[in-house]
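Engineer:
Numbering (the working numbering), first residue to last: 360 to 463.
Shown next as structure tokens:
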């Protein structure tokens with residue numbers, strides 16, 4: 360009886376570590392990032408469905424990483440905005456690092 364209870368406890372205890380976090384949505388009142396993502400989509404750098412908002416922070420971070428790969432297609436202002444938002448979304452891009460500054 361004790362072994363059966365112990366095994367049940369260990370099985371249940373081991374499953375508590377298999378969890379997934381919720382998606383964190385970026386509020387639509389932050390028009391700057393949404394305008395920038397729409398601008399990247401208009402340049403055909405990324406592909407989005409702009410009807411479905413708000414976007415998750417991870418989705419925006421992925422879009423910024425794609426834009427970073429196409430940096431040579433952006434003008435100076437867009438590059439500055441991209442660098443700013445890459446720092447802002449550093450936790451989603453580099454989740455295990457303490458320093459979220461963009462590598463140069």
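Every residue gets a Cβ at the ideal spot worked out from N, C-alpha and C, and that includes glycine. This structure is a prediction, so every number in the text was calculated from the model and none was measured.
Can you look up residue 384 in the DSSP assignment and give me helix, strand or coil?
Structural biologist: strand
Engineer: In angstroms, rounded to a whole number, what distance separates the CA positions of residue 436 and residue 402?
Structural biologist: 14 Å
Engineer: Exposed or buried, what is residue 410 when buried is set at 16 or more other beta-carbons lying within 10 Å of its beta-carbon?
Structural biologist: exposed
Engineer: By Cβ distance, which residues of its chain are closer than 6 Å to residue 405, with the 5 residues on each side in sequence left out?
Structural biologist: Counting only Cβ-Cβ distances below 6 Å, and skipping sequence neighbours, we find 399, 422, 425.
Engineer: Starting from residue 396 and walking both ways along the alpha helix (DSSP H), at which residues does that stretch end?
Structural biologist: 390-401
Engineer: Nearest CA to the CA of residue 452: which residue from 431, 368, 430, 416?
Structural biologist: It is 416.
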